[in-house]
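Notes for the one structure printed next.
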Amino acid sequence: RVKLPMYNTIDDAVSLLKKSRNIVVLTGAGISTSLGIPDFRSKGTGLYSQLENLGLSDPQEVFDISLFREDPSVFYSVAKDILPSSKKFSPTHAFIRLLQDKGILLTNFTQNIDNLEGHAGILPEKLIQCHGSFATATCIECGYKVECEKLYYDLKAGKVAHCDRCIQRIREVKPGSKRKRSSDGSSGSRKKRQSYEDSTDDEDDDIAVAGVMKPDITFFGEDLPKTFHDRLMDHDRELVDLVLVIGTSLKVAPVSEVVGVLPPTVPQLYISREPCSHVDFDIDMLGDCDTIITELCRRAGWDLQHEMIAKD
Ligand code: OAD
Ligand code: ZN
Numbered sequence: 004r005v006k007l008p009m010y011n012t013i014d015d016a017v018s019l020l021k022k023s024r025n026i027v028v029l030t031g032a033g034i035s036t037s038l039g040i041p042d043f044r045s046k047g048t049g050l051y052s053q054l055e056n057l058g059l060s061d062p063q064e065v066f067d068i069s070l071f072r073e074d075p076s077v078f079y080s081v082a083k084d085i086l087p088s089s090k091k092f093s094p095t096h097a098f099i100r101l102l103q104d105k106g107i108l109l110t111n112f113t114q115n116i117d118n119l120e121g122h123a124g125i126l127p128e129k130l131i132q133c134h135g136s137f138a139t140a141t142c143i144e145c146g147y148k149v150e151c152e153k154l155y156y157d158l159k160a161g162k163v164a165h166c167d168r169c170i171q172r173i174r175e176v177k178p179g180s181k182r183k184r185s186s187d188g189s190s191g192s193r194k195k196r197q198s199y200e201d202s203t204d205d206e207d208d209d210i211a212v213a214g215v216m217k218p219d220i221t222f223f224g225e226d227l228p229k230t231f232h233d234r235l236m237d238h239d240r241e242l243v244d245l246v247l248v249i250g251t252s253l254k255v256a257p258v259s260e261v262v263g264v265l266p267p268t269v270p271q272l273y274i275s276r277e278p279c280s281h282v283d284f285d286i287d288m289l290g291d292c293d294t295i296i297t298e299l300c301r302r303a304g305w306d307l308q309h310e311m312i313a314k315d
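Under my numbering, think of the first position of the sequence shown as 4, with each following residue one higher.
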């Protein structure tokens, strides 16, 4: 994509905001850092810097699905640090809500799993959580799904959470168990049955071989939710008239490919602390996103309300 020559200044960005009717906002971890939530790749403060002492060849491995299947304790040892703990949202979240209220938000594609968009009042039909969320968790063995709240005790304690349905199944088919056998006896994998036939009647052993619960956030090596592709390719691509990318390094595919998939004649604006060297945006607005958004709204004459914005 080649940069459009007619858009260059902050005021160009303001007039684009004011005249556009179907804005796609693509967000990343940078829109939540003002709330004390670390991003991933900022040197020193980002989660991946903080994880360098874990002994992984690459700290991104904590979100690698193969490694999770091999040893879920790596993920569970850091999960408490990325668990959404606050309902406070940033001025940038409030701005996306303002676009929605004005009827000009087409879609907010977020890579964030903190669910702060929901707390800011972005409607589910306007929001695509590209990397899933901590709302639910699924057993990697049997597919049993629960509200992630049920795992909070384990998540907060840094303990691997196992599947209740698997545990129950193991106990039901266990030879010599006083508990009732399941009627068909077909549940559970052969490997597992073998291992608990050898084991003692210790409940901990049952739990240890039961399926592991994985919060429904997208790991490296997993597909994104189907809604991501459907919304982008069959809906937004036709309608979008402005693209706003905020607080993301755009280093992770396929979300990084969104800007290349949208029509090249649609203006694309970038707001983040550091330039994104691999994409030619029409206007780069570099700095703190809350500050930049506040200034854009001031120049547009829009009343952005947020407790973190000083009113004069
Ligand atoms: P990154 O940490 O890669 O990028 C965040 C960007 O926001 C950086 O370029 C920062 O400079 C910038 N930034 C931080 N605070 C800011 C602020 N207050 N104002 C403006 N800019 C700020 O995070 P993402 O791009 O979101 O995926 O990362 C994408 C994906 O990589 C995540 O969803 C996660 C991660 O691996 C999974 O875990 C699957
Ligand atoms: Zn299970």
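Every residue, glycine too, gets a C-beta built ideally from N, C-alpha and C.
So, under 8 Å CB-CB, residue 309 and residue 97 are touching, yes? Tell me the CB distance rounded to an integer number of Å. Yes, residue 309 and residue 97 are in contact; Cβ-Cβ is about 4 Å, under 8 Å.
Report the rounded CA-to-CA distance for residue 1 versus residue 134, giving the unit in angstroms. This structure does not reach residue 1, given that the chain is present from 4 up to 315, and the question cannot be answered.
If you measure between the beta carbons of residue 249 and residue 279, is that distance less than 8 Å? Their beta carbons are not under 8 Å apart, which means residue 249 does not touch residue 279 by this criterion.
Quick check: is any heavy atom of the ligand OAD less than 7 Å from the C-beta of residue 263? No, the Cβ of residue 263 stays beyond 7 Å of every heavy atom of the ligand OAD.
If I measure Cβ to Cβ from residue 15 and keep anything under 7 Å in the same chain, skipping five residues before and after, which residues do I get? Excluding residues within five positions, the ones whose Cβ falls inside 7 Å are 286.
In the DSSP assignment, what residue or residues form a beta bridge with residue 103? Answer by DSSP bridge pairing: none, since residue 103 is not bridged.
At a cut-off of 7 Å, is residue 142 close to the ligand ZN when judged by its beta-carbon and the heavy atoms of the ligand? Set against 7 Å, the gap from the CB of residue 142 to the closest heavy atom of the ligand ZN is smaller.
Helix or strand or just coil, what does DSSP make of residue 9? It is coil, neither helix nor strand.
Just reading off the alpha helix (DSSP H) that residue 217 is part of, what are its end residues? Per DSSP, residue 217 belongs to no alpha helix (DSSP H); it is in the beta strand (DSSP E), 216-220.
Cβ-Cβ distance between residue 47 and residue 275 below 8 Å: In this structure, residue 47 lies away from residue 275, with their beta-carbon atoms at least 8 Å apart.
Given the structure, does residue 234 come close to the ligand ATP, in the sense that its CB is under 7 Å from one of the ligand's heavy atoms? Among the ligands modelled here, namely the ligand OAD and the ligand ZN, the ligand ATP does not occur.
In whole angstroms, what separates the C-alpha of residue 41 from that of residue 175? A straight line joining the alpha-carbon of residue 41 with that of residue 175 spans about 44 Å.
Heavy atom of the ligand OAD within 7 Å of residue 32 beta-carbon: Residue 32 Cβ: within cutoff of the ligand OAD.
Whole-angstrom Cβ separation of residue 79 and residue 270, contact assumed at under 8 Å? Wrong, their Cβ atoms sit about 43 Å apart, outside the cutoff.
Rounded separation between residue 142 and residue 63 - CA only: Distance between the alpha carbons of residue 142 and residue 63: 22 Å.
Would you call residue 156 buried or exposed, if buried means 16 or more other Cβ atoms sit within 10 Å of its Cβ? That one is exposed.
Nearest to residue 244 (by Cα), restricted to the options 223, 267 and 89: Of the candidates 223, 267 and 89, the residue whose Cα lies closest to the Cα of residue 244 is 267.
Start and end residues, beta strand (DSSP E) containing residue 150: That run of the beta strand (DSSP E) goes 148-150.
Pick out whichever of 302, 76, 207 and 251 has its Cα sitting closest to the Cα of residue 49. The shortest Cα separation from residue 49 among 302, 76, 207 and 251 belongs to 251.
Taking 6 Å as the limit between beta carbons, can you name the residues of its chain near residue 27, skipping five residues before and five after? Contacts found: 109, 110, 239, 243 and 246.
Could you pull out every residue in the same chain whose Cβ sits closer than 7 Å to the Cβ of residue 213, ignoring the five residues on either side in sequence? Cβ within range, chain order: 165, 166, 169, 170 and 173.
Anyone know if the C-beta pair for residue 92 and residue 123 falls short of 8 Å? A contact, by the Cβ cut-off of 8 Å.
I'd like the list of long-range same chain contacts for residue 259, defined as Cβ closer than 7 Å, with 5 residues on each side in sequence excluded. Hits under 7 Å: 253.
Exposed or buried, residue 226, counting other C-beta atoms within 10 Å across all chains shown (16 or more means buried)? The Cβ neighbour count for residue 226, taken over all protein chains shown within 10 Å, is under 16; the residue is labelled exposed.
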